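Per my numbering, the sequence shown starts with residue 21, numbered consecutively. All C-beta atoms in this analysis are idealised placements derived from N, C-alpha and C, irrespective of residue type, glycine included. These numbers come from a predicted model, not from an experiment.
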Amino acid sequence: MFAPLLFVANAFASSEKEQLLDRLYDQTGLERQLDWVHDSMKLQEDLYPIPEPVVDTVNQVVKVRYSSDFFRTSMKATLDEALSVGELARLIDWFESPLGQKILRLEAAANDPENQAQMAAYIEEKLSREIPRNNRVRLIEELMEALDAVELSTELAASASVGAQRMLREVMPVGTEQPMRPVQVLKAQEKPHIRKEMPERMRNIFLYTYRSLPDHEIQRYLDFARENAMQNFQRGQIQAISRML
21 MFAPLLFVAN
31 AFASSEKEQL
41 LDRLYDQTGL
51 ERQLDWVHDS
61 MKLQEDLYPI
71 PEPVVDTVNQ
81 VVKVRYSSDF
91 FRTSMKATLD
101 EALSVGELAR
111 LIDWFESPLG
121 QKILRLEAAA
131 NDPENQAQMA
141 AYIEEKLSRE
151 IPRNNRVRLI
161 EELMEALDAV
171 ELSTELAASA
181 SVGAQRMLRE
191 VMPVGTEQPM
201 RPVQVLKAQE
211 KPHIRKEMPE
221 RMRNIFLYTY
231 RSLPDHEIQR
241 YLDFARENAM
251 QNFQRGQIQA
261 ISRML
């Protein structure tokens, strides 16, 4: 008698969680990471001594293999493991709040390719001339740490680099040369070099992205970033990228 009720309850819970995962994915603009992956993995003809047909083939494979549907399904599957229904609801409530909405707008603007020149100019001109207050820099560094920004960016960069290498090998087999080493080995070799430069880079990006936020709002964001829901969300993203690429 109880078995059908249990099945219905589980199906309802699964459906509810699926809806929450969709809302969170869309709300936080996770697909912007896919744009970054595409840009990082595509080959530029003027940068590589590779025949044009090979460059075109690699770039087409990148586009097909790492499609929007694949990225969404993969990211949601990992976040489903990382987050409870309660944590998903907490994340959605935060990002729907006035401050959460403001932060999402700032992050979307900072990640817009059209704003990259503006960001670079701000970092090169303003941050090199005016050293921010110590308290401000400390807040930003604590926020970076809470969001695990260095590790997430390092994973993205290393995964994209290794993925591009593997893709090129698939399109241009080397024949008798030794087979390519496992992905995790290649990533382990790439990460130390990438991570070395990442803290300063991310600090500058964060100082630019949240430049209009007063200290007390950054502190509120920091408090939220330290909650279990956000910690698991960030870890889930890192794990998803690691699995996908």
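Is DSSP giving residue i helix, strand or coil here?
| i | result |
| --- | --- |
| E247 | coil |
| I151 | coil |
| D235 | helix |
| Y228 | helix |
| E51 | coil |
| L167 | coil |
| L176 | helix |
| L265 | coil |
| A260 | helix |
| N252 | helix |
Determine the extent of the alpha helix (DSSP H) in which residue i is found, giving its start and end residues.
| i | result |
| --- | --- |
| Y45 | F22 to Q47 |
| L99 | S88 to A102 |
| P118 | P118 to N131 |
| R85 | E72 to R85 |
If contacts are defined as beta-carbon pairs under 8 Å, then residue i and residue j qualify, I think. What distance do you get, rounded to the angstrom?
| i | j | result |
| --- | --- | --- |
| R246 | A169 | Contact doesn't hold; Cβ gap of about 14 Å is too wide. |
| T174 | K146 | No, T174 and K146 are not in contact; Cβ-Cβ is about 26 Å, not under 8 Å. |
| M264 | S87 | 11 Å between Cβ atoms; not a contact. |
| G49 | A177 | That pair is no contact at about 19 Å. |
| I261 | S179 | 5 Å |
| M43 | I143 | Residue identity check: residue 43 is Arg in the sequence provided, not Met. Wrong, their Cβ atoms sit about 33 Å apart, outside the cutoff. |
| L40 | A109 | 6 Å |
| M222 | M139 | Not really, about 12 Å apart at Cβ, beyond 8 Å. |
| N248 | E36 | That belief does not hold up - the Cβ atoms of N248 and E36 are roughly 20 Å apart, past 8 Å. |
| V81 | M187 | 6 Å |
| R52 | N131 | 5 Å |
| L126 | S34 | In fact, because the Cβ distance is near 34 Å, the residues do not count as touching under 8 Å. |
| Q209 | F115 | That pair is no contact at about 36 Å. |
| L266 | E237 | A query on residue 266 cannot be resolved here, the shown segment of the chain reaching from 21 to 265 and no further. |
> Is the segment 96-103 in contact with the segment 243-259, if contact means three or more CB pairs nearer than 8 Å?
Replying inline: yes
>> Quick test of the definition: if touching needs 3 or more C-beta pairs under 8 Å, does the segment 232-242 touch the segment 216-223?
In response: Flag = no, the segment 232-242 and the segment 216-223 do not touch.
>> Closer than 8 Å is the cut-off here; do at least three beta carbon pairs connect the segment 221-234 with the segment 143-158?
In response: yes
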